[in-house]
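First up is the structure itself, then whatever we jot down about it.
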Amino acid sequence: MNFLGSHLTAADTAWRTALTTIVFLCAVSMAVAGEQGQSEPYSGDFLTRSTFTGDWGGLRNDLSQNGITFNANVTQTDQGVVNGGKNSSWEYGGRSELTVKMDSGKMGLWQGGTLTVELEGNWGEAVNRYTGALMLADTNQAFPVVGKDVFALPALNYTQFLSPNVGFVVGKLDTIAEGDFNEFAHGKGDTQFMNLAFNINPALVLTVPYSTLGAGLIVLPTKDPEAAFMTFSALSSEGEANQSGFSTLSADMVTFVSEARVRTDFLGLTGHQLVGVTYSNKEFTSLDQRLGAFLENNELLKKKGSWSFFYNFDQYLYEPKKGSGIGIFGRFGTSEGNPNPVHYFVSLGVGGKGVADRPNDQFGIGWYYLNVGNPTLVTLTGVRELLRDEQGFEAYYSFAITPWALLTPDVQVVFPAQEATRDGKKLGTETITGFRFRVVL
Numbered sequence: 008m009n010f011l012g013s014h015l016t017a018a019d020t021a022w023r024t025a026l027t028t029i030v031f032l033c034a035v036s037m038a039v040a041g042e043q044g045q046s047e048p049y050s051g052d053f054l055t056r057s058t059f060t061g062d063w064g065g066l067r068n069d070l071s072q073n074g075i076t077f078n079a080n081v082t083q084t085d086q087g088v089v090n091g092g093k094n095s096s097w098e099y100g101g102r103s104e105l106t107v108k109m110d111s112g113k114m115g116l117w118q119g120g121t122l123t124v125e126l127e128g129n130w131g132e133a134v135n136r137y138t139g140a141l142m143l144a145d146t147n148q149a150f151p152v153v154g155k156d157v158f159a160l161p162a163l164n165y166t167q168f169l170s171p172n173v174g175f176v177v178g179k180l181d182t183i184a185e186g187d188f189n190e191f192a193h194g195k196g197d198t199q200f201m202n203l204a205f206n207i208n209p210a211l212v213l214t215v216p217y218s219t220l221g222a223g224l225i226v227l228p229t230k231d232p233e234a235a236f237m238t239f240s241a242l243s244s245e246g247e248a249n250q251s252g253f254s255t256l257s258a259d260m261v262t263f264v265s266e267a268r269v270r271t272d273f274l275g276l277t278g279h280q281l282v283g284v285t286y287s288n289k290e291f292t293s294l295d296q297r298l299g300a301f302l303e304n305n306e307l308l309k310k311k312g313s314w315s316f317f318y319n320f321d322q323y324l325y326e327p328k329k330g331s332g333i334g335i336f337g338r339f340g341t342s343e344g345n346p347n348p349v350h351y352f353v354s355l356g357v358g359g360k361g362v363a364d365r366p367n368d369q370f371g372i373g374w375y376y377l378n379v380g381n382p383t384l385v386t387l388t389g390v391r392e393l394l395r396d397e398q399g400f401e402a403y404y405s406f407a408i409t410p411w412a413l414l415t416p417d418v419q420v421v422f423p424a425q426e427a428t429r430d431g432k433k434l435g436t437e438t439i440t441g442f443r444f445r446v447v448l
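Residues in the sequence shown are numbered from 8 upward in steps of one, following the working numbering.
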């Protein structure tokens with residue numbers, strides 16, 4: 008369906024009203040720029056401050072200085088498969104998130120402690136079910152729970168540093184926010200790329216739940232916490248953002264994760280190298296199934312354990328000031344290929360932040376390739392392969408209308424892993440386009 012056509016649901020009407028407002032704000036604030044001071048990070052006039060709701064009459068700055076921060080945002084997306092795919096419908100959805108952090112040292116209690124609480128909810132629909140791709144075209148809509156409109160608690164944990172170099176974390180963890188970080192390609196699809204392939208290494212998805220109970224050791228080898236870190240974690244292999252996780256705790260469902268990241272500063276330009284491994288002792292459903300075994304035992308074949316290796320890098324090639332410029336990024340991941348369907352994965356791309364006198368703009372162009380551990384079904388008539396390798400391309404530009412309001416046009420071209428629909432429709436290369444609007448509250 009054409010984006011400008013008339014599917015007049017209440018959600019669509021609200022979305023188009025929002026876009027009209029955006030255009031107006033854009034005309035008013037195109038030339039406005041500014042950065043907030045460190046002592047009053049939330050202050051400033053309406054069009055130049057860092058958040059929509061501002062400093063709450065000075066209260067928000069006071070709380071921040073005393074160790075309590077509130078960071079909230081609302082992200083809305085409108086996407087459609089404009090060529091190919093299973094369905095050409097446009098889908099509107101949104102997600103809201105609130106993160107509260109309490110620093111025990113700044114609160115006048117004890118040094119080195121941080122309590123993190125994260126609340127998250129979503130609504131609406133996504134185009135993900137219409138693409139036939141394993142990599143979600145709209146990552147934002149996958150959280151806190153895929154395919155459900157829910158309000159949940161993905162993170163409730165406590166971090167304590169015992170010395171400047173060693174600390175621990177325990178509780179319910181948001182693994183997307185904390186793991187596989189990349190300067191140009193990371194997150195929940197709300198700030199940079201929208202496709203899952205550029206937000207997290209998909210080799211991790213099977214064994215590392217998004218929200219789960221766990222504990223970990225944090226090691227900072229140098230005095231500069233941004234120079235390098237190492238983490239060693241034990242997580243529950245079962246976890247959902249809308250569940251406490253205690254009912255599924257088991258010694259037979261544990262994921263071990265080790266990750267290290269180091270700043271490189273090649274040629275005087277900021278860069279990072281990250282490497283990690285995971286292993287889960289959980290029993291998974293095997294990708295290879297035999298019809299005879301299922302008919303005899305009335306259950307699917309299982310496979311014990313799964314491992315993965317993941318790597319990513321980012322490197323500025325042009326960096327007029329720290330945290331701004333243009334650079335390159337890449338990821339590589341691999342697993343045993345069964346039960347993990349991600350056998351090999353690679354992505355490469357170019358990203359930019361704060362260029363051409365636009366300090367809050369971002370952009371990215373990326374390509375990914377996914378070698379699928381192909382599920383097979385052995386029947387009396389032969390072996391049927393259910394999936395094929397997948398690859399895709401994405402380009403986006405996040406335009407900061409104000410520091411707190413960002414409009415992002417996005418286009419993706421994907422060759423999906425699914426070859427055909429249930430009714431026999433062949434799936435080939437498809438084009439997905441849409442918009443994202445994010446407001447930092």
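Glycine included, every Cβ here is placed at the ideal spot set by N, Cα and C.
These figures come from a predicted structure and were not determined experimentally.
In the DSSP assignment, what residue or residues form a beta bridge with residue i?
| i | result |
| --- | --- |
| Ala402 | Ile372 and Val418 |
| Asn378 | Tyr351 |
| Ile439 | Val88 and Gln419 |
| Asp321 | His279 and Phe336 |
| Thr409 | Ala412 |
| Ala140 | DSSP output for Ala140 lists no bridge partner at all. |
| Arg395 | Its beta-bridge partners do not exist; DSSP assigns none. |
| Gly356 | Phe336 and Gly373 |
| Lys433 | Ala427 |
| Ser315 | Thr285 and Ser342 |
| Arg56 | Partner(s): none; Arg56 has no beta bridge. |
| Phe365 | It should be noted that the sequence gives Arg, not Phe, for residue 365. Answer by DSSP bridge pairing: none, since Arg365 is not bridged. |
| Lys328 | Ser331 |
| Lys310 | Phe291 |
| Phe444 | Gln83 and Leu414 |
Please classify residue i as buried or exposed, where buried requires at least 16 other C-beta atoms within 10 Å of its C-beta.
| i | result |
| --- | --- |
| Asn73 | exposed |
| Asp197 | buried |
| Arg136 | exposed |
| Ala248 | buried |
| Thr386 | The predicted position of Thr386 is uncertain, since its pLDDT is 47 and thus under 50; no value can be drawn from it. |
| Tyr149 | Here residue 149 turns out to be Ala, not Tyr, going by the sequence shown. When all chains shown are included, Ala149 counts as buried. |
| Thr292 | exposed |
| Phe444 | buried |
| Glu303 | The predicted model places Glu303 with a pLDDT of 48, which falls under 50 and marks its position as unreliable; any figure quoted below should be read in that light. By the 10 Å Cβ count, Glu303 comes out exposed. |
| Leu169 | exposed |
| Gly431 | exposed |
| Thr457 | It is not possible to answer for residue 457, since the shown part of the chain is limited to 8 through 448. |
| Trp117 | exposed |
| Ser251 | exposed |
| Gly435 | exposed |
| Val212 | buried |
| Glu449 | Residue 449 is absent from the model: the chain starts at 8 and stops at 448. |
| Leu298 | Unreliable placement is indicated for Leu298, whose pLDDT of 44 sits below 50; the coordinate value is still reported in the next sentence. Flag for Leu298 reads exposed. |
| Phe301 | Any reading at Phe301 must be qualified, since the residue scores a pLDDT of 39, below 50, and its modelled position is unreliable; the value itself is stated next. Exposed, since its Cβ has fewer than 16 Cβ neighbours within 10 Å. |
| Lys433 | exposed |
| Pro423 | buried |
| Pro228 | exposed |
On the DSSP letters alone, give me the boundaries of the beta strand (DSSP E) that residue i sits inside.
| i | result |
| --- | --- |
| Gln83 | Ile75 to Asn90 |
| Ile333 | Ser331 to Ser342 |
| Gln72 | Taken as a continuous stretch (DSSP letters only), Gln72 belongs to no beta strand (DSSP E), being part of the alpha helix (DSSP H) at Leu66 to Gln72. |
| Ser287 | Gly278 to Thr292 |
| Glu125 | Gly120 to Gly131 |
| Lys108 | Trp97 to Asp110 |
| Gln167 | Phe158 to Phe168 |
| Phe263 | Val261 to Arg270 |
Cβ-heavy atom distance between residue i and the ligand SAM below 7 Å?
| i | result |
| --- | --- |
| Thr106 | Only the bare structure without any ligand can be found here, which leaves the ligand SAM out of the picture. |
How do the stretch 118 to 131 and the stretch 88 to 95 stand: do at least 3 beta-carbon pairs fall below 8 Å, yes or no?
With the cut-off at 8 Å, the stretch 118 to 131 and the stretch 88 to 95 do not touch.
With contact counted as at least three CB pairs below 8 Å, one residue from each stretch, are the stretch 158 to 178 and the stretch 253 to 270 in contact?
Taking one beta carbon from each stretch, the stretch 158 to 178 and the stretch 253 to 270 have fewer than 3 pairs nearer than 8 Å; the two do not touch.
Decide if the stretch 311 to 326 is in contact with the stretch 262 to 277; the criterion is three or more beta carbon pairs, one per stretch, under 8 Å apart.
With the cut-off at 8 Å, the stretch 311 to 326 and the stretch 262 to 277 touch.
Secondary structure, alpha helix (DSSP H): runs of 4+ residues fully inside the stretch 171 to 255
Runs found: 182 to 185.
Check whether the stretch 214 to 221 touches the stretch 172 to 184, taking contact to mean three or more Cβ pairs, one atom from each stretch, closer than 8 Å.
Touching, per the Cβ criterion.
Could you tell me whether the stretch 198 to 212 touches the stretch 136 to 149, where touching means 3 or more Cβ pairs closer than 8 Å?
Enough Cβ pairs lie closer than 8 Å, so yes.
Below 8 Å, can you find three or more Cβ-Cβ pairs linking the stretch 54 to 73 to the stretch 98 to 109?
No contact exists between the stretch 54 to 73 and the stretch 98 to 109.
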